[in-house]
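**Q** Going by the working numbering, 219 is the number at position 239 of the sequence shown; the sequence numbering is gapless.
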Amino acid sequence: MTSSHSVRQGIRAKSNVIGEKIVTSLFQRSTLAMAAAALAFTGIAHADNHAGAPIQYFINKFDGEAKYPADLESYPYLNADAPIYGEYISGVRGGFNDFNSLNGRGDDASGLGLLSDSLLGGVADELDTSYGILAETIQMPKDRSWVIYKLRDEARWANGTPVTADDVKFTFDYQIEKGWPGFKDAYAMLESIEVLEGNRVKFSFTADNTDRNAPFTIGGETIIPRYFWEERDPQEIFLDVYPEGSGEYRISEHKDEDYIVYERREDYWGNDFPWAKGSANYKTIRYRYYNDVTTLRNAIKVGEIDMRAENQMKAWVNDYKAEDIPAVAEGVLIKKEFDDNNIQNTQAMFFNLQREKFQDRRIREAIGLAFDFEFTNKQLFYGRYIRQNSHLENSQLEATGVATGRELEILQELDAKYPGQLPATVFGEQYSYPETDGSGNNRDNLRAALNLFAEAGWTLEDGKLVNADGEQFSLEIIDSSPDSERYILPWVENLERLGIAAEFRLLDTTQWIEKIRSRDFDMTDYVYRASYTPGTQMRYYWSSELAATPGSIAFHGYESDVLDDLIAQLTSADNREELNQVAKALDRILTSEHLVVLEWYYNKSRMLYWDKFGTIDHSDDEDFLGGPTTGWWIDEALDISLDERRDAL
């Protein structure tokens, strides 16, 4: 978790969900040869038949207006006068063996995103708008069949040469033709890329593309310098040379498996633009690596690192007590929870829905009833976690109560279009998991589970849950995290009480990934990112196309015309209210189908940090969607006095 702390958290949407390692490591698609050929266009297009399409300094997902003017000096949620001072030290578990973030193969060094810019960037207090970063202007017709980005004249690579439209085209050509397969799949909607006069680049989309967010996806991609990458194999794993980009930082030094240091570029071309004022406030950023989480936790206690986001409740409660750590007692090491009002990621146990035994939704529901969240929460999490009942939890997108209005219309239209494919329960109260008393005696839910199994043809005989042929129901849960054993084993015990031959297998990460890629599993624990505009994400997680593709992130294998239809509606929604209602319908169907067993979330961020930071309180800004440390800086006086204050404890 500590490695996710960013000097620009919530400020610039520089990478989208399909660029994350946890996702790309599972992609194995090798199609798109036709698209790759189409993108082989070279030279500059002189014809310019784009008259009438508006040219703007921003892009809104629903053709709305921007919150901020073109001549904005700085963002109000940042301190534009924050000093660029000091070294921020972050702790990372594990190691690294690669400076190449393009291949999806190696263990990337932390912080590589600091090297680069993108065409567009989001802001922390505006949901549906992005502003130009490398792009000075964005031109796009109403049907969004193409988009033209004009690059800023000021934009420069770290070596001082201009960032050009040719670099942008190269970024996509290079990775589509030579990079990891996930990149190809992500940009299957591209018909062509053309370099135009005036340092402009045009992206044209395929005729069947219905994703209105395609210009955002393009705009959020990291742009790479042709001069550095052209002669380099994108599949290469390397540490012998430092990659370059156009961002605020450059790599200054590293030691294999030990640390990597980034230094703030005084000559950064964007220093006078609003996104850079008050965001990248550290003169240097150092990532230190630790072999295990225990050592990492000790590192924050003794001051080897400056900040840690603690993701384990047990450690948060027990490992940082004020009575055990004088620095915490005196407020020199600050232990604080920040409210997290953002949409929550989905943490769940996923079924392999290509297996026959999971085809009946009653069986899936029954297995979910065997998970006693209240007992787990009480015994392991100190009663602090919240049961997740939605795939879009803690947002205006989650389904609640009984569907009404436009959401109901969408469900009725789907029911008429796909007779018999919607569960009847979608027209009733939104499903939520029945609560237990937390004692561990999950009798009522287990009885309900047995009734569901009986309806599906499985009965309890001599302590075994068997079908008409006398075959016992078996279930294996796999995972790669040792921490998961604590909450999965009690679940396994409840499954055994149902007469199921259940077991849990802890695998190393490589084994787990291979099992998921080959779909050689029954159930596994997984977390996927949520989004306020979830069309692209839901396509990757739930579309039939990817569910049928071995190695894709839709490793559950579930194919559904209904979900495909809803995903298409999400990506084509032309206003926020329509998108919200479609998302609610999708959420309602996902939960009613019991395609996963939802687990829990926590609506706070748990942070430990030494008292050396200048901070900004965002708690009163109801529009703020950034992280709790967005815009922080190192206070020179606090930094200088920190050692003295620690020594005095």
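Using N, Cα and C, we set each Cβ at its ideal position, and we do this for glycine too.
Which same chain residues, not among the five before or five after L618, have their C-beta less than 7 Å away from its C-beta?
**A** Taken in chain order, the residues that qualify are D591, K592.
**Q** In its own chain, which residues sit with a C-beta less than 7 Å from the C-beta of I468, not counting the 5 before and 5 after it?
**A** Once the five neighbours on either side are set aside, the close Cβ partners of I468 are I457, D459, F484.
**Q** For the beta strand (DSSP E) that contains W160, what are its first and last residues?
**A** Premise fails: W160 is in no beta strand (DSSP E) and is neither H nor E.
**Q** Check whether the region 425 to 438 and the region 399 to 411 are in contact - that is, three or more C-beta pairs closer than 8 Å.
**A** No: the two stretches stay apart, fewer than three of their Cβ pairs being nearer than 8 Å.
**Q** Given a threshold of 16 other Cβ atoms within 10 Å of its Cβ, counted over all protein chains shown, does Q461 qualify as buried or as exposed?
**A** Reading off the sequence shown, one finds Ser at residue 461, where the question assumed Gln. When all chains shown are included, S461 counts as exposed.
**Q** Whose C-alpha, out of D213, I620, N40, D603, is nearest the C-alpha of P56?
**A** Nearest of D213, I620, N40, D603 to P56, Cα basis: D603.
**Q** Could you tell me which whole beta strand (DSSP E) segments of length 3 or greater appear in the region 34 to 64?
**A** Counting whole runs of 3 or more residues, the region 34 to 64 contains the beta strand (DSSP E) stretches 38 to 40.
**Q** If you draw a straight line from the alpha carbon of A279 to that of G311, how long is it in whole angstroms?
**A** Roughly 17 Å between the two C-alpha positions.
**Q** Does DSSP put W471 in a helix, a strand or coil?
**A** Helix at W471.
**Q** Return the chain-ordered list of same chain residues with a C-beta closer than 8 Å to the C-beta of T551, the five sequence neighbours on each side being excluded.
**A** For T551, where only same-chain residues beyond five positions count, the Cβ hits under 8 Å are T190, D191, R192, N193, G515, T516, R519.
**Q** Have a look at L388 and A528 and give me their C-alpha separation to the nearest angstrom.
**A** So the two alpha carbons sit approximately 29 Å from each other.
**Q** Taking only three categories from DSSP, how would you classify E579?
**A** Coil at E579, not helix or strand.
**Q** So who's on the other strand from A289, going by DSSP bridges?
**A** Paired residue(s): M587.
**Q** Classify L92 as helix, strand or coil using the three-state DSSP reduction.
**A** It is helical.
**Q** Please report the Cβ distance between Y129 and A138, rounded to the nearest whole angstrom; I am assuming they are in contact, meaning their Cβ atoms lie under 8 Å.
**A** 21 Å between Cβ atoms; not a contact.
**Q** Across which residues does DSSP place G437 in a beta bridge pair?
**A** G437 is not bridged to any residue.
**Q** Any idea if D352 is buried or exposed, counting beta-carbon neighbours within 10 angstroms, 16 or more meaning buried?
**A** With 16 or more other Cβ atoms within 10 Å, it is buried.
**Q** Assuming L475 and L455 are in contact, meaning their beta carbons sit under 8 Å apart, how far apart are those beta carbons, in whole angstroms?
**A** Indeed they touch by this definition, with Cβ atoms about 6 Å apart.
**Q** Among N83, D105, G32, whose alpha-carbon lies nearest the alpha-carbon of Y48?
**A** Looking at the Cα atoms, D105 is the closest of the given residues.
**Q** Flag this pair as yes or no: are the beta carbons of L445 and I480 separated by less than 8 Å?
**A** Their beta carbons are under 8 Å apart, which means L445 touches I480 by this criterion.
**Q** Runs of 4 residues minimum, wholly inside the region 266 to 354: which ones carry the alpha helix (DSSP H) assignment?
**A** As far as the region 266 to 354 is concerned, its whole alpha helix (DSSP H) runs of at least 4 residues are 273 to 282, 293 to 298, 306 to 309, 341 to 349.
**Q** Tell me whether K122 sits in a helix, a strand or coil according to DSSP, three-state version.
**A** Looking at K122 - three-state DSSP - the assignment turns out to be coil, as it is neither helix nor strand.
**Q** Check each candidate in F38, G408, A482 and name the one with the smallest Cα separation from A350.
**A** Considering only alpha carbons, the answer is A482.
**Q** I want to know whether the region 341 to 350 touches the region 297 to 317 - three or more CB-CB distances under 8 Å.
**A** No, the region 341 to 350 does not touch the region 297 to 317.
**Q** Sort out for me which residues DSSP pairs R136 with in a bridge.
**A** R136 pairs with P142.
**Q** DSSP three-state label for A20, please.
**A** Note that A20 scores 34 on pLDDT, short of 50, meaning its location in the model is unreliable; the coordinates nonetheless yield the value given after this. Of the three classes helix, strand and coil, the one that applies to A20 here is coil, per DSSP.
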